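Numbering (the UniProt record's numbering), first residue to last: 1 to 86.
For each residue, glycine too, the CB sits at the ideal point set by N, CA and C.
Treat the numbers as computed from the prediction; the structure is a model and nothing was measured.
For reference, the structure is listed below as structure tokens.
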């Protein structure tokens, strides 16, 4: 889980960001599979609790990636939500 001392790694010029966002939103990527589902959920919850607007982060992700990459976004988010309810 992200530590408070590393919270500044998720801000750039005063705006929230997720470095290597494919690790969180692209279930088909190699980076995504390096983190467990629990780590992804805990990290996103921690960031949202500390002020990150998750909807805005996803919107930014969508605007900056190709259609091919975005095909996995919906599946990734649905799977994360499903994991959270189980």
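- For residue 62, the uninterrupted alpha helix (DSSP H) run begins and ends at 54-63, by DSSP.
- Taking C-alpha positions only, residue 10 is separated from residue 78 by approximately 23 Å.
- Within the same chain, Cβ atoms closer than 7 Å to the Cβ of residue 43 are found at 1, 2, the five residues on either side in sequence being excluded.
- In the three-state scheme derived from DSSP, where H, G and I count as helix and E and B as strand, residue 12 is classed as strand.
- In terms of Cβ geometry, residue 16 and residue 75 do not form a close pair [threshold 8 Å].
- For residue 27, the secondary structure class from DSSP, reduced to helix, strand or coil, is coil.
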